[in-house]
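Asks: A single structure is presented below for examination.
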Amino acid sequence: MSRPKFPQSFREFQDWFPTEEACQTFLIRSRWPEGFECPRCGSGDVGEVKTRSLFQCKECRCQVSATSGTVMHRSRTPLRDWFYAAYLVTTHTPGFSALQLQRQLDLSRYETAWVMLQKLRRAMVRPERDRINGSCEIDETYVGGHEEGRKGGRQKSEVKSIVVGAAEIRGKSTGRIRLAVVSDFSAESLAGFVERAVEPGNTVLTDGWQGYFPLPDMGYDHRAKSQGPRKNASQHLPRIHRVFGNLKTWIDGTHHGVSQKHLPHYLDEFVFRFNRRKTPMAAFQTLLGMSGQYQPTTYKMLYADESTG
Numbered sequence: 000m001s002r003p004k005f006p007q008s009f010r011e012f013q014d015w016f017p018t019e020e021a022c023q024t025f026l027i028r029s030r031w032p033e034g035f036e037c038p039r040c041g042s043g044d045v046g047e048v049k050t051r052s053l054f055q056c057k058e059c060r061c062q063v064s065a066t067s068g069t070v071m072h073r074s075r076t077p078l079r080d081w082f083y084a085a086y087l088v089t090t091h092t093p094g095f096s097a098l099q100l101q102r103q104l105d106l107s108r109y110e111t112a113w114v115m116l117q118k119l120r121r122a123m124v125r126p127e128r129d130r131i132n133g134s135c136e137i138d139e140t141y142v143g144g145h146e147e148g149r150k151g152g153r154q155k156s157e158v159k160s161i162v163v164g165a166a167e168i169r170g171k172s173t174g175r176i177r178l179a180v181v182s183d184f185s186a187e188s189l190a191g192f193v194e195r196a197v198e199p200g201n202t203v204l205t206d207g208w209q210g211y212f213p214l215p216d217m218g219y220d221h222r223a224k225s226q227g228p229r230k231n232a233s234q235h236l237p238r239i240h241r242v243f244g245n246l247k248t249w250i251d252g253t254h255h256g257v258s259q260k261h262l263p264h265y266l267d268e269f270v271f272r273f274n275r276r277k278t279p280m281a282a283f284q285t286l287l288g289m290s291g292q293y294q295p296t297t298y299k300m301l302y303a304d305e306s307t308g
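When we follow numbering that gives the first Met the number 0, the leftmost residue of the sequence shown carries the number 0, and every step to the right adds one.
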C-alpha cells in the first residue's frame with residue numbers, strides 16, 4: 000500500500016488548505032474515511048447542523064463536532080492555524096519553540112502559541128503504544144553534561160539523568176526506537192524498560208552489565224556483548240549510540256539543554272519525530288488528533304504540569 004501524500008513545500012500546503020472549509024473537509028475525511036458513525040449508538044444515519052458545524056445522529060440525536068476528540072477541541076484558534084502549526088512541527092526537523100510558532104502564525108499572544116505547541120506535543124504520545132517487535136540494541140547514556148573519569152561509566156551523577164534506549168535492527172539501518180528516563184542501573188530499571196519497550200521472544204543485544212541478566216527468564220533471546228571500556232560501546236551497539244548522539248545534538252542545539260523535570264517530554268518528542276521520519280502524513284494526522292487515540296488536553300492539565308515537580 001502506498002503512503003499517503005504530504006505537501007512537499009509550504010506553497011503546496013497553502014494550495015491544499017486555502018480556507019477553513021478545506022481544513023474542515025480534510026479533517027472529516029481523515030477521521031471518518033468510511034463515513035461518519037455515531038460514537039454513542041453506532042448509526043451512520045446522520046444530519047448536519049451547519050450553523051454550528053455539528054453532526055447530529057438521526058437515531059439518538061447525539062451531536063458531535065468535527066474537532067471533538069482532537070487537539071483542536073473547543074479551541075477558538077482557526078483550523079488553518081492549527082494545520083499550519085502541525086505542518087511546521089512535522090517538517091521542521093530540529094524542533095520548534097513557542098516563540099517561533101507565534102512569529103510564524105502572526106499570533107498576538109505568546110500564550111496562544113505555547114498552548115498550541117504543548118497540545119501538539121501531548122498528541123505525540125500514545126499511552127498504550129505497541130512494543131517493538133524485532134531484534135533490538137539496548138544501552139544507556141547520561142543526558143545533561145559531560146561525564147568523565149568515573150569507574151565503569153555507570154556511577155550516578157547528581158546533575159545528569161540516565162536515559163535507556165532500544166533501537167530496532169533493520170539490516171544495517173535503524174527501525175523504531177524507544178527512550179525512557181530511569182532512576183538507576185538496576186535490573187528492576189533496565190530489564191523493566193525492556194519489558195515495556197520490546198515484545199518478548201525477540202533478540203535483545205546489550206553489553207555485559209548485570210542489570211540485563213534477568214532477560215532470558217523474561218522470554219527474551221538475550222545476547223550480551225562483552226565490550227570492555229564503556230567508550231567502545233558505540234562500536235558494539237552502533238544503532239542505539241547513533242540515536243543517543245542525535246538526541247544530545249538535538250537537545251543541546253535546539254533547546255539548549257533541558258531540565259530533568261521536562262526531559263521525559265522531550266524524549267517523547269524525539270521518539271515521535273524519529274519513528275515517523277518517513278511518514279510525514281501519519282505524523283501530521285497524529286499531531287492533530289485525527290488518529291482517534293488522542294485524549295483532549297485542558298488548560299488546567301497543561302498548567303498543572305508546569306506548577307508541579
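Note that the Cβ used here is the ideal one computed from N, Cα and C, for glycine as well.
Just list the alpha helix (DSSP H) runs in the stretch 160 to 234, keeping only unbroken ones of 4 residues or longer that don't cross its boundaries, in chain order.
Replies: Listed in chain order, they are 186 to 196.
Asks: Starting from CYS40, follow the beta strand (DSSP E) in both directions and report where the run begins and ends.
Replies: Start at 1 with the first residue of the sequence shown, and residue 40 comes out as number 41. It is not in any beta strand (DSSP E) - CYS40 carries neither H nor E in the DSSP assignment.
Asks: Can you check whether the CB of LEU106 is closer than 8 Å to the CB of PHE95?
Replies: As a working mapping, residue 95 is identified with position 96 in the sequence shown. As a working mapping, residue 106 is identified with position 107 in the sequence shown. No, the pair does not count as a contact, with Cβ atoms beyond the cut-off.
Asks: Buried or exposed: VAL70, going by 16 or more other Cβ atoms within 10 Å of its Cβ?
Replies: In the sequence shown, the residue the question calls residue 70 occupies position 71. Looking at its Cβ environment, which holds 16 or more other Cβ atoms inside 10 Å, VAL70 is buried.
Asks: Around the Cβ of PHE54, are there at least 16 other Cβ atoms within 10 angstroms (buried) or fewer (exposed)?
Replies: As a working note, residue 54 is residue 55 in the sequence shown. It is buried - the Cβ of PHE54 has at least 16 other Cβ atoms within 10 Å.
Asks: Quick check on the DSSP output: the alpha helix (DSSP H) that includes PHE273 runs from which residue to which?
Replies: By one-based count along the sequence shown, residue 273 stands at place 274. Residues 262 to 274.
Asks: On the three-state DSSP scale, how would you describe GLY46?
Replies: In the sequence shown, residue 46 corresponds to position 47, counting from 1. Here GLY46 sits in strand by DSSP.
Asks: Mind checking LEU119: buried by the 16 CB within 10 Å criterion, or exposed?
Replies: For this step, residue 119 is matched to residue 120 along the sequence shown. So LEU119 ends up on the buried side.
Asks: Among GLU33, TYR109, GLN7 and SER172, which residue has its Cα nearest to the Cα of HIS91?
Replies: As a working mapping, residue 91 is identified with position 92 in the sequence shown. Here the closest residue by C-alpha is GLN7.
Asks: Tell me, please, which residues DSSP counts as bridged to ASP138.
Replies: Walking along the sequence shown from the start, residue 138 turns up at place 139. DSSP lists GLY164 as partners of ASP138.
Asks: With DSSP as the reference, please indicate the residues paired to GLN55 in a beta bridge.
Replies: The residue you call residue 55 lines up with position 56 of the sequence shown. Answer is GLY46 and GLN62.
Asks: Of the residues LYS4, PHE269, LYS277 and ARG276, which one's Cα is nearest the Cα of VAL124?
Replies: Taking the sequence shown and counting its residues from 1, the one referred to as residue 124 is at position 125. Among LYS4, PHE269, LYS277 and ARG276, the Cα nearest to that of VAL124 belongs to PHE269.
Asks: Which one of GLY46, ALA21, TRP208 and TYR265 has the shortest CA to CA distance from ASP138?
Replies: As a position in the sequence shown, residue 138 is number 139, starting the count at 1. Taking only the C-alpha atoms, the option nearest ASP138 is TRP208.
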